[in-house]
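S.K.:
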Amino acid sequence: MEEDKEIKEFGEMKETRKTEEMEEIGEPEELESEYDLGKCSKCQQDNTGSNWCQSCNAKQFQNEFDKWTSGDREIDKFIQQIQLSANKYKEIIEWIPFGRLENVTYLAKGGFSTVYKANWLDGFIKSNVQDVWYRNGKQCVCLKSLDNLTNKNDFLQEIKNQLKFRGKNSIAIYGITKNSTEYMMVMNYAKYGSLRKLDLGKCSKCQQDNTGSNWCQSCNAKQFQNEFDKWTSGDREIDKFIQQIQLSANKYKEIIEWIPFGRLENVTYLAKGGFSTVYKANWLDGFIKSNVQDVWYRNGKQCVCLKSLDNLTNKNDFLQEIKNQLKFRGKNSIAIYGITKNSTEYMMVMNYAKYGSLRKLLNNAFEKLSWLRKFYILSNIAMGLKNIHEMGLMHKDFHPGNIVNPIITLSRITDFGLCKPVTKNDPEKIYGVIPYMAPETLSRGEYTQASDIYSFGMIMLEVLTSYPPYYNVPHNTNLVMDICKGRKPEIKYEIPRFFKEIMEKCWNFEPPNRPTAKELESQLGDYSYDGEIRRQIKAANKSNKSFIQYDPNEIHPEAIYTSRLIPKTTIPEYDTFINPIITLSRITDFGLCKPVTKNDPEKIYGVIPYMAPETLSRGEYTQASDIYSFGMIMLEVLTSYPPYYNVPHNANLVMDICKGRKPEIKYEIPRFFKEIMEKCWNFEPPNRPTAKELESQLGDYSYDGEIRRQIKAANKSNKSFIQYDPNEIHPEAIYTSRLIPKTTIPEYDTFNSRQNFFSIPDNIIVEDDETQGME
Numbered sequence: 001m002e003e004d005k006e007i008k009e010f011g012e013m014k015e016t017r018k019t020e021e022m023e024e025i026g027e028p029e030e031l032e033s034e035y036d037l038g039k040c041s042k043c044q045q046d047n048t049g050s051n052w053c054q055s056c057n058a059k060q061f062q063n064e065f066d067k068w069t070s071g072d073r074e075i076d077k078f079i080q081q082i083q084l085s086a087n088k089y090k091e092i093i094e095w096i097p098f099g100r101l102e103n104v105t106y107l108a109k110g111g112f113s114t115v116y117k118a119n120w121l122d123g124f125i126k127s128n129v130q131d132v133w134y135r136n137g138k139q140c141v142c143l144k145s146l147d148n149l150t151n152k153n154d155f156l157q158e159i160k161n162q163l164k165f166r167g168k169n170s171i172a173i174y175g176i177t178k179n180s181t182e183y184m185m186v187m188n189y190a191k192y193g194s195l196r197k198l199d200l201g202k203c204s205k206c207q208q209d210n211t212g213s214n215w216c217q218s219c220n221a222k223q224f225q226n227e228f229d230k231w232t233s234g235d236r237e238i239d240k241f242i243q244q245i246q247l248s249a250n251k252y253k254e255i256i257e258w259i260p261f262g263r264l265e266n267v268t269y270l271a272k273g274g275f276s277t278v279y280k281a282n283w284l285d286g287f288i289k290s291n292v293q294d295v296w297y298r299n300g301k302q303c304v305c306l307k308s309l310d311n312l313t314n315k316n317d318f319l320q321e322i323k324n325q326l327k328f329r330g331k332n333s334i335a336i337y338g339i340t341k342n343s344t345e346y347m348m349v350m351n352y353a354k355y356g357s358l359r360k361l362l363n364n365a366f367e368k369l370s371w372l373r374k375f376y377i378l379s380n381i382a383m384g385l386k387n388i389h390e391m392g393l394m395h396k397d398f399h400p401g402n403i404v405n406p407i408i409t410l411s412r413i414t415d416f417g418l419c420k421p422v423t424k425n426d427p428e429k430i431y432g433v434i435p436y437m438a439p440e441t442l443s444r445g446e447y448t449q450a451s452d453i454y455s456f457g458m459i460m461l462e463v464l465t466s467y468p469p470y471y472n473v474p475h476n477t478n479l480v481m482d483i484c485k486g487r488k489p490e491i492k493y494e495i496p497r498f499f500k501e502i503m504e505k506c507w508n509f510e511p512p513n514r515p516t517a518k519e520l521e522s523q524l525g526d527y528s529y530d531g532e533i534r535r536q537i538k539a540a541n542k543s544n545k546s547f548i549q550y551d552p553n554e555i556h557p558e559a560i561y562t563s564r565l566i567p568k569t570t571i572p573e574y575d576t577f578i579n580p581i582i583t584l585s586r587i588t589d590f591g592l593c594k595p596v597t598k599n600d601p602e603k604i605y606g607v608i609p610y611m612a613p614e615t616l617s618r619g620e621y622t623q624a625s626d627i628y629s630f631g632m633i634m635l636e637v638l639t640s641y642p643p644y645y646n647v648p649h650n651a652n653l654v655m656d657i658c659k660g661r662k663p664e665i666k667y668e669i670p671r672f673f674k675e676i677m678e679k680c681w682n683f684e685p686p687n688r689p690t691a692k693e694l695e696s697q698l699g700d701y702s703y704d705g706e707i708r709r710q711i712k713a714a715n716k717s718n719k720s721f722i723q724y725d726p727n728e729i730h731p732e733a734i735y736t737s738r739l740i741p742k743t744t745i746p747e748y749d750t751f752n753s754r755q756n757f758f759s760i761p762d763n764i765i766v767e768d769d770e771t772q773g774m775e
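For the sequence shown, the positions run 1 to 775 when the UniProt record's numbering is used.
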């Protein structure tokens, strides 16, 4: 059963943590989403959580409302509402009588609260068995009272926030209690207290406080120093680099060491990336964990990954990458252990990821990835990216080839060679994988943390669908140009809206409009709490039944998914492609924006030349009316002339538009644009293109040599063109929105049959195809 496999996998996750290389990642939420949670034994309906039926348990809670009170009606109502809506046990709180708490002991006083420890005789509710609550049993809890509480809402809001993140790396909250004077939150007790209070014990040698788990910086620095003459890398600078790190390490995760190549066996080639070659090997000793009586206690024989940098001309770059990798050890990035050297080249020695790169995992095991597993992968990546960004850095080369998976659901970021502070950019050297690079990076060499977020959006696409972005087109100048103009990749798989909205926010053309890594982590953290998400997942699964997974053999021969220096000739100069500052138009004024079902024929607002015949004749606004308006906007953008600029905007013009009149085209327009524009002007609304079709048609702009020929011919024809002069506008031409007076609007039966009135006006230019220019 899939659920059993997933539970087993999370067991594997916990086992992997025994290597001390995986930080605590927390227990998973119930694997609900698309999994079978079984039936309620009472009502035989689907459970809403593990051993939890929302409907039956809500009734049980309701039956007990008269058996308890907090003494405050508002708090009672707050608790009751939460109990009635809970879909699983982790979503409830309860009133806990103070008499059910024993051995209440003062612990500490913080800035705004006082904290106590106590034993709760009952323990939290886990399920309902024959109308009796099955509880966890006696347990240690923490009581927290808010000092100087003047606003009850603040107290309840904190509880609500705490409850929202229960099971998501935050402390569990169980309920509310009250001693003789004050209300308190009842929460899970943390054995070690705050991180500040965590007792790391004393060093057995010097009796001073340890600086890390089983680690004394002072004593271990001396131990390292005593061994400096027992090894050498053969390079004084590398020796000094390793030694400085060893002397300053406050815990074992902060050290690296020189690893003789002879201590590595079964060295096997794995892969070649954009800048490096990767091997697998067995390290006979394993990494250092602590010092026992001046002898290093090690992890023991383990599998490692060796990475050599190709064409290494700058030793500082090699050492900087190691420093960056070490900085994030234990923070959702792959662990680095040290440096070695074969007969010819220096290599980094890192933890081995069993499933290889994320791309390899997706190619080999996508069918094993439930939505929950995809969520865990993306959450890990977002957490790792947040750690990088919080240190004021950016990754700069973020794609699935630089993410590895020790186990299926645990992703680790690697390859920090290009990782730099946010203030450092070199627009002359642009490295990366084109489909994952943000428009601002490709256009002007601008790397920012927001560029990493754009890359994360592309990683999301690949994790959620198996398809890499732009897998079926050449990764060349044309693609670069298109991305810089706002092109987005195709989505070949139905994605739950929850994920899709996050992903598309990451793709936003404007860097400030993309979420931050911290916001991403928070948004993804909402995954398992919403029944609406479960419905989206069910719908997506139903839609994807005939889905064909990505086949790496389908990749275009010129699609390149390894990092590389993007040749300067590939990068469009900033003024070559459409300047985003100039051309990025934004729609505003949504005051009249309404659902397509809402129309008021008695109130017709707008600017007459941009209003469709059906709107002017019978007050009918539709999405097709917007398309007609878009056609008029096209005319003005392409020629500079507003439609009907030289005639009064009165009842006569309204009548003419309703009879089929079209505006004059005073400028030679390439046929590609003209055909789209005139389709938008079609008298019959169903015959106009949709907005989606428009986007697609305009998206084909840069691909066709025929279009370039049309443009050349148009430019040649327009040499004597006189641009629109606003002074030429007719004094009764009104280009501001207004309520169109009722007398201006012809009654529908006045011109009921288009055929009775329609004729092609003299000022409509009908061009022979032969006059269309060729570029």
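Note that beta-carbon positions come from the ideal geometry of N, C-alpha and C, so glycine has one too.
Go through its chain and collect everything with a Cβ distance to N179's Cβ below 7 Å, but skip five positions before and after it.
M.R.: F98
S.K.: By Cβ distance, which residues of its chain are closer than 6 Å to F241, with the 5 residues on each side in sequence left out?
M.R.: Taken in chain order, the residues that qualify are L319.
S.K.: Out of L247, N650, T639, I548, which one is the CA nearest neighbour of E664?
M.R.: T639
S.K.: On a CA-only basis, which of I96, Y89, K323 is nearest C53? Give me that one, please.
M.R.: Among I96, Y89, K323, the Cα nearest to that of C53 is on Y89.
S.K.: CA-CA distance, K152 and E158?
M.R.: 10 Å
S.K.: If you follow the alpha helix (DSSP H) that N291 is in, where does it begin and where does it stop?
M.R.: Looking at the DSSP string, N291 is not in any alpha helix (DSSP H); the run it does join, the beta strand (DSSP E), is 288-292.
S.K.: Give me the Cα-Cα distance between G338 and W258, rounded to the nearest whole angstrom.
M.R.: 6 Å
S.K.: Looking at K488: is its Cβ nearer than 8 Å to the Cβ of W507?
M.R.: yes
S.K.: Spatial neighbours of K386 within its chain, please: CB distance less than 6 Å, with the 5 preceding and 5 following residues excluded, ordered by chain position.
M.R.: A517, K518, E521
S.K.: Roughly how many whole angstroms lie between the Cα atoms of E64 and C56?
M.R.: 13 Å
S.K.: Hey, out of A86, E504, E668, whose CA is closest to N51's CA?
M.R.: A86
S.K.: Under 8 Å, with one C-beta from each stretch per pair, do the stretch 454-463 and the stretch 494-508 reach the 3-pair mark?
M.R.: Remark: three or more beta-carbon pairs, one from each stretch, lie closer than 8 Å, so the stretch 454-463 and the stretch 494-508 are flagged as touching.
S.K.: Would you list the one or two residues that DSSP bridges to A118?
M.R.: The partner list for A118 (beta bridge, DSSP) reads V141.
S.K.: What would DSSP say about N476, mapped onto helix, strand or coil?
M.R.: In the three-state scheme derived from DSSP, where H, G and I count as helix and E and B as strand, N476 is classed as coil.
S.K.: Taking Y252 as the reference, which of Y269, Q217, W231 has the closest Cα?
M.R.: Q217
S.K.: Pick out the complete beta strand (DSSP E) segments inside the stretch 365-414, 3 residues or longer, and give them in chain order.
M.R.: 403-407, 410-413
S.K.: Does the distance from the C-beta atom of T177 to that of L107 stay below 8 Å?
M.R.: no
S.K.: Kindly indicate which three-state DSSP category T16 falls into: helix, strand or coil?
M.R.: Because the pLDDT at T16 is just 37, under 50, the model does not fix this residue reliably, and the value given afterwards should be weighed accordingly. Note: T16 maps to helix in three-state DSSP.
S.K.: How should K396 be labelled, buried or exposed, when 16 other C-beta atoms within 10 angstroms of its C-beta is the threshold for buried?
M.R.: buried
S.K.: With which residues is S357 paired in a DSSP beta bridge?
M.R.: V404
S.K.: Taking the alpha-carbon positions, what's the D4 to L378 distance?
M.R.: Unreliable positioning characterises D4 in this predicted model, as indicated by a pLDDT of 41, which lies under 50. The coordinate reading is nonetheless provided below. Approximately 22 Å between the Cα atoms of the pair.
S.K.: Which term fits G26, buried or exposed, when burial requires 16 or more other beta carbons within 10 angstroms of its beta carbon?
M.R.: Residue placement at G26 is flagged as unreliable, the pLDDT there being 32, under the threshold of 50; the coordinate-derived value follows with that caveat. By the 10 Å Cβ count, G26 comes out exposed.
S.K.: For a quick check, are the C-beta atoms of Y447 and R514 less than 8 Å apart?
M.R.: no
S.K.: Do you know offhand how far I171's Cα is from N188's?
M.R.: Using only the alpha carbons, I get a separation of about 6 Å.
S.K.: What ranges does the alpha helix (DSSP H) occupy inside the stretch 460-535, keeping only unbroken runs of at least 4 residues that lie completely in it?
M.R.: DSSP runs (the alpha helix (DSSP H)) wholly in the stretch 460-535: 477-484, 497-506, 517-524.
S.K.: Could you tell me the alpha carbon to alpha carbon distance between W433 and T344, rounded to whole angstroms?
M.R.: Here residue 433 turns out to be Val, not Trp, going by the sequence shown. Going by the C-alpha atoms only, they are around 29 Å apart.
S.K.: Just the C-alpha distance for L393 and K505, rounded to the nearest angstrom, thanks.
M.R.: 21 Å
S.K.: Excluding five sequence neighbours on each side, which residues of the same chain lie with their C-beta closer than 6 Å to the C-beta of E23?
M.R.: Bear in mind that the predicted position of E23 carries a pLDDT of just 30, short of 50, making it unreliable; the figure below should be weighed with that in mind. Result list for E23: G330, in chain order.
S.K.: In its own chain, which residues sit with a C-beta less than 7 Å from the C-beta of G137, not counting the 5 before and 5 after it?
M.R.: G123
S.K.: Beta-carbon separation of R359 and P406 under 8 Å?
M.R.: It is not a contact, given that the beta carbons lie outside the stated cut-off.
S.K.: Would you give the residue range spanned by the alpha helix (DSSP H) that M634 belongs to?
M.R.: 623-639
S.K.: Does DSSP put L247 in a helix, in a strand, or in coil?
M.R.: Under the three-state reduction of DSSP, L247 is assigned to helix.
S.K.: I'd like to check one pair, F456 with A382: are the Cβ atoms closer than 8 Å?
M.R.: yes
S.K.: Would K289 and R298 be called neighbours here (beta carbons separated by less than 8 Å)?
M.R.: yes
S.K.: The beta strand (DSSP E) spanning I176 covers which residue range?
M.R.: 173-178
S.K.: Once the 5 residues before and after L694 are set aside, which same chain residues still bring their CB inside 8 Å of it?
M.R.: I627, F630, I676, C680
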